[in-house]
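Visitor: First residue of the sequence shown: 3, per our numbering; consecutive thereafter.
Pasting in a structure now, in structure tokens, and then I'll have a few things to ask.
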Amino acid sequence: MVLCSTCNVSILVSQKRIKCTNGTCFLLYHIDCVNYNDNSGTSRSKWICLAFTAIRPSEGNTNTSLPTKNRKENSPDNLPQPSSEQNIKYQNVILNEIRNLRMEMKEHFDNQQECLHKFNSTLSQVQRDVKELGTGSLKNEVDKISKSMQFFSYAHDAQTIINEKTEKTLSNILTENNNMRVYINDLNTKMSQLEQQARDCNVEIQCVSEHKNENLITEINKFHMMIAGYSGQHKGYFLLRENISHL
Numbered sequence: 003m004v005l006c007s008t009c010n011v012s013i014l015v016s017q018k019r020i021k022c023t024n025g026t027c028f029l030l031y032h033i034d035c036v037n038y039n040d041n042s043g044t045s046r047s048k049w050i051c052l053a054f055t056a057i058r059p060s061e062g063n064t065n066t067s068l069p070t071k072n073r074k075e076n077s078p079d080n081l082p083q084p085s086s087e088q089n090i091k092y093q094n095v096i097l098n099e100i101r102n103l104r105m106e107m108k109e110h111f112d113n114q115q116e117c118l119h120k121f122n123s124t125l126s127q128v129q130r131d132v133k134e135l136g137t138g139s140l141k142n143e144v145d146k147i148s149k150s151m152q153f154f155s156y157a158h159d160a161q162t163i164i165n166e167k168t169e170k171t172l173s174n175i176l177t178e179n180n181n182m183r184v185y186i187n188d189l190n191t192k193m194s195q196l197e198q199q200a201r202d203c204n205v206e207i208q209c210v211s212e213h214k215n216e217n218l219i220t221e222i223n224k225f226h227m228m229i230a231g232y233s234g235q236h237k238g239y240f241l242l243r244e245n246i247s248h249l
């Protein structure tokens, strides 16, 4: 576990950190603990912790406040020299941090691999479903719809032909009806003319018996007198009378 040299709290992988670039130090700090600012003139690759800032104040860390007291304690004669055990300790800390980082990365990659495997399985299943739909029921439904549409197309064409024939038949019937109307009008005109001619040729018959008790001989004599008069043409009269007498 990596500890901050200022607050002695562990530095997580997700937290921002900064390391002293002095060749014998290698101490780690929270960026917030040392008030480091990226906008300052000192880069992270040249940052030196407070323990070595007093030695080279002109080379960096303009954004890190320098201690104003106990200057004598920070003189080169009083600076503690890091031991080999301390270097080994820091190296082990760095190695542990690298191992933890590798474990986290491996876990993250394993999760990604598992998600990718699930995605591939789901995609394969979807492809199989689509293929089954394309070769199975969906294709049959599409074929049925296509046949139905073709049937409706043929029925529509046949109905169109029937409608055209019906229109022609109705047109012929209307023409014949008009001709028949003209012919009937002509017949009515001729009938009217014939009736008029028949009225002109009517003969009024008089002296015809209207009752059963009337004498038929007397009525015939009256009829003969109306037709022949007394012109001496009695031959027809006697013949008619004789014939009637035999009845």
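Where a beta carbon is used, it is the ideal one built from N, C-alpha and C, also for glycine.
For the segment 16 to 36 against the segment 111 to 120, do three or more pairs of beta-carbon atoms, one drawn from each stretch, fall closer than 8 Å, so that the two count as touching?
Guide: The segment 16 to 36, when compared against the segment 111 to 120, does not touch it at the 8 Å Cβ threshold.
Visitor: Measuring straight from C-alpha to C-alpha, what distance separates Glu178 and Asn190?
Guide: Reading the sequence shown from its first residue, position 176 is the one you call residue 178. Reading the sequence shown from its first residue, position 188 is the one you call residue 190. Taking the straight line from one Cα to the other gives about 18 Å.
Visitor: Assuming contact is defined by CB atoms lying nearer than 8 Å, are His32 and Cys51 in contact in what I supplied?
Guide: On the sequence shown, residue 32 is found 30 positions in, with the first residue counted as 1. On the sequence shown, residue 51 is found 49 positions in, with the first residue counted as 1. Contact flag unset, no.
Visitor: Quick one: what's Lys21 bridged to in DSSP?
Guide: Reading the sequence shown from its first residue, position 19 is the one you call residue 21. For Lys21, which the question treats as bridged, DSSP gives the partners Leu30.
Visitor: Rounding to the nearest angstrom, what Cα-Cα distance links Phe225 and Met193 in this structure?
Guide: Start at 1 with the first residue of the sequence shown, and residue 225 comes out as number 223. Start at 1 with the first residue of the sequence shown, and residue 193 comes out as number 191. C-alpha separation (whole angstroms): 33 Å.
Visitor: Whole angstroms are fine: how far does the CA of Gln199 sit from the CA of Asp188?
Guide: Position 186 of the sequence shown holds residue 188. Position 197 of the sequence shown holds residue 199. Their backbone Cα atoms lie some 16 Å apart in a straight line.
Visitor: Could you tell me the distance, in whole angstroms, from the CA atom of Phe250 to the CA atom of Lys120?
Guide: Any answer about residue 250 is impossible in this case: the structure gives the chain only from 3 up to 249.
Visitor: Are the beta-carbon atoms of Leu30 and Ser7 separated by less than 8 Å?
Guide: Translated into positions along the sequence shown, residue 30 becomes position 28. Translated into positions along the sequence shown, residue 7 becomes position 5. The answer is yes: Cβ separation under 8 Å.
Visitor: Counting along the chain, where does the alpha helix (DSSP H) carrying Lys141 start and finish?
Guide: Reading the sequence shown from its first residue, position 139 is the one you call residue 141. Looking at the DSSP string, the run of the alpha helix (DSSP H) that includes Lys141 is 139 to 202.
Visitor: Cα separation between Gln1 and Lys146?
Guide: Nothing in the structure corresponds to residue 1, since the chain is present only between 3 and 249.
Visitor: Tell me, which residues are paired with Ser12 by DSSP?
Guide: Counting from 1 along the sequence shown, the entry for residue 12 is found at position 10. Answer is Leu5, bridged to Ser12.
Visitor: Can you tell me which of the three DSSP states Ser47 falls into?
Guide: If you number the sequence shown from 1, residue 47 lands on position 45. If DSSP states are grouped into helix, strand and coil, Ser47 belongs with the helices.
Visitor: Is DSSP giving Asn215 helix, strand or coil here?
Guide: What you label residue 215 is simply residue 213 of the sequence shown in a count that begins at 1. Three-state DSSP puts Asn215 in coil, outside helix and strand.
Visitor: Here's the rule: buried if 16 or more other CB atoms are within 10 angstroms of the residue's CB, otherwise exposed. What is Ile13?
Guide: Residue mapping note: residue 13 aligns to position 11 of the sequence shown, counting from 1. Result: buried.
Visitor: Between Glu197 and Glu166, what straight-line distance do the alpha-carbon atoms span, to the nearest angstrom?
Guide: Reading the sequence shown from its first residue, position 195 is the one you call residue 197. Reading the sequence shown from its first residue, position 164 is the one you call residue 166. If I take the Cα positions, the gap works out to 46 Å.
Visitor: Since Leu103 and Val4 should fall inside the 8 Å C-beta cutoff, what is the C-beta to C-beta distance between them, to a whole number of angstroms?
Guide: For this step, residue 103 is matched to residue 101 along the sequence shown. For this step, residue 4 is matched to residue 2 along the sequence shown. Actually they are not in contact, since the Cβ atoms of Leu103 and Val4 sit about 11 Å apart, beyond 8 Å.
Visitor: With DSSP collapsed to three states, give me the class of Asn39.
Guide: In the sequence shown, the residue the question calls residue 39 occupies position 37. Of the three classes helix, strand and coil, the one that applies to Asn39 here is coil, per DSSP.
Visitor: Rounded to a whole number of angstroms, what is the C-alpha to C-alpha distance between Lys133 and Leu140?
Guide: For this step, residue 133 is matched to residue 131 along the sequence shown. For this step, residue 140 is matched to residue 138 along the sequence shown. Straight-line Cα distance between these residues: approximately 10 Å.
Visitor: Could you check the C-alpha separation between Met227 and Arg183 for me, to the nearest Å?
Guide: Locating residue 227 in the sequence shown gives position 225, where the first residue counts as 1. Locating residue 183 in the sequence shown gives position 181, where the first residue counts as 1. Approximately 51 Å, taken between the alpha carbons.
Visitor: Distance check for Ser45 and Asn39, CA to CA, integer angstroms please.
Guide: Taking the sequence shown and counting its residues from 1, the one referred to as residue 39 is at position 37. Taking the sequence shown and counting its residues from 1, the one referred to as residue 45 is at position 43. Distance between the alpha carbons of Asn39 and Ser45 is about 9 Å.
Visitor: Closer than 7 Å: is that where the CB of Thr26 sits relative to any heavy atom of the ligand HEM?
Guide: Although the ligand HEM was asked about, the structure shown includes no ligands whatsoever.
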